[in-house]
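What follows is a short report on a single structure.
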Amino acid sequence: MRIKGKEYRTIWFENNIVKIIDQTKLPHQFIIKELKTVKDSINAIKTMEVRGAPLIGATAAYGLVLAIIENIDQSFLNKSAEDLINSRPTAINLKWAVDRMMDKLSRVNSDQILKIALNEANEICEEDIKFCKNIGLNGLKIIEEIYNKKKSTVNILTHCNAGWLATIDWGTATSPIYQAHKKGIPVHVWADETRPRNQGANLTSYELNEEGIKNTIIADNTGGILMQRGEVDMCIVGTDRTLSNGDVCNKIGTYLKALAAHDNDIPFYVALPSSTIDWKIKDFKEIPIEERNPKELSHMEGLDESGNIKKILVYPQQSKSMNLAFDVTPAKYVTALITEKGVCEASSYGLKKLFNK
Ligand code: MRU
372 MRIKGKEYRT
382 IWFENNIVKI
392 IDQTKLPHQF
402 IIKELKTVKD
412 SINAIKTMEV
422 RGAPLIGATA
432 AYGLVLAIIE
442 NIDQSFLNKS
452 AEDLINSRPT
462 AINLKWAVDR
472 MMDKLSRVNS
482 DQILKIALNE
492 ANEICEEDIK
502 FCKNIGLNGL
512 KIIEEIYNKK
522 KSTVNILTHC
532 NAGWLATIDW
542 GTATSPIYQA
552 HKKGIPVHVW
562 ADETRPRNQG
572 ANLTSYELNE
582 EGIKNTIIAD
592 NTGGILMQRG
602 EVDMCIVGTD
612 RTLSNGDVCN
622 KIGTYLKALA
632 AHDNDIPFYV
642 ALPSSTIDWK
652 IKDFKEIPIE
662 ERNPKELSHM
672 EGLDESGNIK
682 KILVYPQQSK
692 SMNLAFDVTP
702 AKYVTALITE
712 KGVCEASSYG
722 LKKLFNK
């Protein structure tokens with residue numbers, strides 16, 4: 372990924388400090404923030420300085436490295452693991468990364484623990500990059516097929532940010548788009564604004580601009596009419612947790628886009644690494660859906676005339692508001708899942724066959 376022409380990852384470890392790009396300040400300010408304690412990591416996840424399922428997982432993994440640097444005591448490590456898992460409830464990658472780290476660390480001596488923890492956290496990041504790149508190569512074939520039929524710009528609608536800012540590099544939903552662009556296929560992205568945090572406008576459009584990919588921000592309710600007008604060739608979104616039956620939990624509003632796509636015969640793809648699959652939960656109603664502070668809805672943030680970031684109230688002062696952060700798209704509305712291992716049907720059969728489970 373490139374920012375002002377320079378290669379970055381979203382998270383890295385340097386001199387016993389974790390460095391992140393503070394995503395709450397984008398697109399207006401590019402700030403690299405330092406996380407020095409496990410508390411800093413938990414706070415970064417809660418406040419969404421880092422967000423997106425794979426990046427939350429990586430931040431938790433490095434959070435455990437910071438915990439070991441702070442205090443070698445096993446009970447401190449256990450409590451840190453628990454607090455990290457509880458910092459955001461919906462993305463399964465968080466628990467997946469913490470469980471993977473704790474499992475590895477349960478078998479090592481205290482003189483080796485820091486080295487092994489750091490290796491494992493680095494490995495989680497390297498693996499995510501490899502998986503996201505493969506998602507791109509697998510999804511590229513789908514975009515290519517549409518282009519070969521259409522012979523003109525492929526219009527892709529995406530929701531929220533499942534781009535490199537949500538992973539370590541490449542992204543999930545954006546990875547096939549970056550691969551298509553690299554191959555010279557003309558693509559244009561409709562970026563849903565994604566109220567209330569505006570990840571589509573603030574992050575997806577920002578990163579596509581940095582990569583030189585044409586994109587247009589639309590209000591969340593615009594996708595339907597664009598689909599009816601034939602201006603969307605395909606949808607690709609990410610996911611925070613996909614069940615083994617193919618049901619997809621993702622940013623609030625994804626479900627409504629999938630319904631509109633279904634009604635208009637537009638393919639609706641979900642891109643994900645295997646770390647986002649929940650093999651345990653069988654019924655989507657059991658997925659913990661995060662409910663965030665209603666102030667994220669009632670207040671909006673932007674640049675004021677002097678170029679400072681300012682927050683203002685936009686709702687009636689007395690009104691109540693409610694801020695559910697995710698919804699679930701039933702598998703029947705998902706054309707296919709694009710994973711690091713290949714593309715499969717969104718079903719128990721499809722996932723089991725691909726992952727040999
Ligand atoms: O609340 P966020 O910004 O963490 O939500 C992010 C999403 O919904 C993404 O689509 C999902 O995490 C997949 S990221 C590759």
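Throughout, the numbering used here is defined as the position within the sequence shown, counted from one, plus 371.
Glycine included, every Cβ here is placed at the ideal spot set by N, Cα and C.
Could you check whether the Cβ of Cys715 sits closer than 8 Å to any heavy atom belonging to the ligand MRU? One-based indexing of the sequence shown puts residue 715 at position 344. Not under cutoff, so the answer is no.
Phe697 burial status per 10 Å Cβ neighbour count (16 or more: buried): For the purposes of this step, residue 697 is identified with residue 326 of the sequence shown, where counting begins at 1. Answer is buried; the Cβ neighbour count reaches 16.
Proximity winner among Lys728, Thr710, Ala717, Gly721, relative to Asn509 (alpha-carbon distances): As a working mapping, residue 509 is identified with position 138 in the sequence shown. The residue with the shortest Cα to Cα distance from Asn509 is Thr710.
Would DSSP call Ile402 helix, strand or coil? The residue labelled residue 402 in the question sits at position 31 within the sequence shown. In this structure, Ile402 counts as coil in the three-state DSSP scheme.
Looking only at DSSP bridge pairs, what is Arg459 linked to? Stepping through the sequence shown from its first residue, residue 459 is reached at position 88. None, per the DSSP bridge assignment.
Looking at C-beta atoms only, is the number of pairs between the segment 554-563 and the segment 571-585 that lie closer than 8 Å three or more? Taking 8 Å as the limit for Cβ pairs, the verdict is that the segment 571-585 does touch the segment 554-563.
Which of helix, strand or coil DSSP assigns to Glu420: Within the sequence shown, numbered from 1, the residue matching residue 420 stands at position 49. Glu420 carries a coil assignment under DSSP once its states are collapsed to helix, strand and coil.
Whole-Å CB distance - Ile495 paired with Ala429, under 8 Å assumed: Counting from 1 along the sequence shown, the entry for residue 495 is found at position 124. Counting from 1 along the sequence shown, the entry for residue 429 is found at position 58. 6 Å between Cβ atoms; contact.
Apart from the five residues just before and just after Ala572, which ones in its own chain have a Cβ nearer than 6 Å to its Cβ? Numbered from its first residue, the sequence shown carries residue 572 at position 201. Only Glu564, Ile588 meet the Cβ criterion.
For Lys720, which three-state DSSP category applies? Position 349 of the sequence shown, counting from 1, holds the residue named residue 720. In the sequence on display, residue 720 carries Tyr and not Lys. Helix.
Does the distance from the CB of Ala629 to the CB of Gly595 come in under 9 Å? Residue numbering aside, residue 629 sits at position 258 when the sequence shown is read from its first letter. Residue numbering aside, residue 595 sits at position 224 when the sequence shown is read from its first letter. Between Ala629 and Gly595, the C-beta spacing is not below 9 Å.
Work out the CA separation of Gln688 and Glu497 for me, nearest whole Å. As a first step, residue 497 is located in the sequence shown; it is residue number 126 there, counting from the start. As a first step, residue 688 is located in the sequence shown; it is residue number 317 there, counting from the start. Approximately 47 Å, taken between the alpha carbons.
Out of Val705, Tyr704, Glu581, point me to the one whose CA is closest to Pro398's CA. Numbered from its first residue, the sequence shown carries residue 398 at position 27. Pro398 has its Cα closest to that of Glu581, out of Val705, Tyr704, Glu581.
Rounded separation between Tyr433 and Asp636 - CA only: Stepping through the sequence shown from its first residue, residue 433 is reached at position 62. Stepping through the sequence shown from its first residue, residue 636 is reached at position 265. So the two alpha carbons sit approximately 43 Å from each other.
Quick one: does the C-beta of Asp611 sit closer than 8 Å to a heavy atom of the ligand MRU? By one-based count along the sequence shown, residue 611 stands at place 240. Yes; taking the cut-off as 8 Å, the Cβ of Asp611 has a heavy atom of the ligand MRU nearer than that.
Report the partner residues of Asn386 according to the DSSP bridge assignment. On the sequence shown, position 15 is the one that residue 386 refers to. In the DSSP output, where bridge partners are listed per residue, Asn386 has none listed.
Only counting the same chain, and skipping five residues up and downstream in sequence, which positions put a Cβ closer than 7 Å to that of Ile652? Within the sequence shown, residue 652 is the residue found at index 281, counting from 1. Beyond the five residues adjoining it in sequence on each side, Ile652 comes within less than 7 Å, by CB distance, of Leu614, Ile658 in the same chain, given in chain order.
Among the residues of its own chain, which have a CB less than 7 Å from the CB of Pro460, if the five just before and after it don't count? Start at 1 with the first residue of the sequence shown, and residue 460 comes out as number 89. Hits under 7 Å: Pro659, Glu661.
Drop a sphere of 10 angstroms on the beta-carbon of Ile683, count the other beta-carbons inside from all chains shown, and report buried for 16 or more, exposed for fewer. Residue numbering aside, residue 683 sits at position 312 when the sequence shown is read from its first letter. Exposed is the call here.
Please go through the same chain and pick out, in chain order, the residues whose beta-carbon is closer than 6 Å to the beta-carbon of Ser576, but skip the five residues on each side of it. Residue 576 sits at position 205 when you count from the first residue of the sequence shown. Excluding residues within five positions, the ones whose Cβ falls inside 6 Å are Ala562, Asn586, Ile588.
Confirm, please, whether the CB-CB distance from Arg568 to Met419 is below 9 Å. The sequence position of residue 419 within the sequence shown is 48, counting from 1. The sequence position of residue 568 within the sequence shown is 197, counting from 1. For Met419 and Arg568, yes; Cβs fall inside 9 Å.
Does the distance between the C-beta of Lys520 and the nearest non-hydrogen atom of the ligand MRU fall short of 8 Å? The residue given as residue 520 occupies position 149 in the sequence shown. Answer for Lys520: no, Cβ out of range of the ligand MRU.
Could you have a look at Trp467 and say whether DSSP puts it in helix, strand or coil? Reading the sequence shown from its first residue, position 96 is the one you call residue 467. Secondary structure of Trp467 (DSSP, three-state): helix.
From what residue to what residue does the alpha helix (DSSP H) around Asn664 run? On the sequence shown, position 293 is the one that residue 664 refers to. Neither: Asn664 is in no alpha helix (DSSP H) and is coded neither H nor E.
CA-to-CA distance, Leu579 to Lys554, given in whole angstroms: In the sequence shown, residue 554 corresponds to position 183, counting from 1. In the sequence shown, residue 579 corresponds to position 208, counting from 1. Each residue's Cα considered, the two are about 16 Å apart.
Does Ile402 pass the burial test, meaning 16 or more other C-beta atoms within 10 Å, or should it be called exposed? Position 31 of the sequence shown, counted from the start, is the residue given in the question as residue 402. Here Ile402 is exposed, its C-beta having fewer than 16 other C-beta atoms within 10 Å.
Which word fits Ala481, buried or exposed, when buried means at least 16 other C-beta atoms lie within 10 angstroms of its C-beta? The count along the sequence shown starts at 1 and reaches residue 481 at position 110. A quick correction: the sequence has Ser, not Ala, at residue 481. Ser481 should be labelled exposed.
Just tell me which of Gln599, Ile463, Asp470 has its CA closest to the CA of Lys450. As a position in the sequence shown, residue 450 is number 79, starting the count at 1. Per the Cα distances, Asp470.
Identify whether Asn569 lies in helix, strand or coil by the three-state DSSP scheme. Position 198 of the sequence shown, counted from the first residue, corresponds to residue 569. The DSSP-derived three-state label of Asn569 is coil.
Rounded to the nearest angstrom, how far is the Cβ of Asp634 from that of Ile527, given a contact under 8 Å? Counted from its first residue, the sequence shown places residue 634 at position 263. Counted from its first residue, the sequence shown places residue 527 at position 156. Between Asp634 and Ile527 a beta carbon distance of about 18 Å is seen, past the 8 Å cut, so the two are scored as non-contacting.
Beta bridge counterpart(s) of Val641 as assigned by DSSP: One-based indexing of the sequence shown puts residue 641 at position 270. For Val641, the pairing in a beta bridge is given by DSSP as Val608, Leu708.
Under a Cβ-count criterion, where at least 16 other Cβ atoms within 10 Å of its own Cβ denotes burial, should Arg478 be classed as buried or exposed? For the purposes of this step, residue 478 is taken as residue 107 along the sequence shown, with counting starting at 1. Its Cβ having fewer than 16 others within 10 Å, Arg478 is exposed.
Let's see if you can read the secondary structure: which residues bound the beta strand (DSSP E) around Thr587? Residue numbering aside, residue 587 sits at position 216 when the sequence shown is read from its first letter. Its beta strand (DSSP E) spans residues 585-589.
Host alpha helix (DSSP H) of Ile680 (start-end): If you number the sequence shown from 1, residue 680 lands on position 309. That residue, Ile680, is in no alpha helix (DSSP H); its beta strand (DSSP E) goes 680-684.
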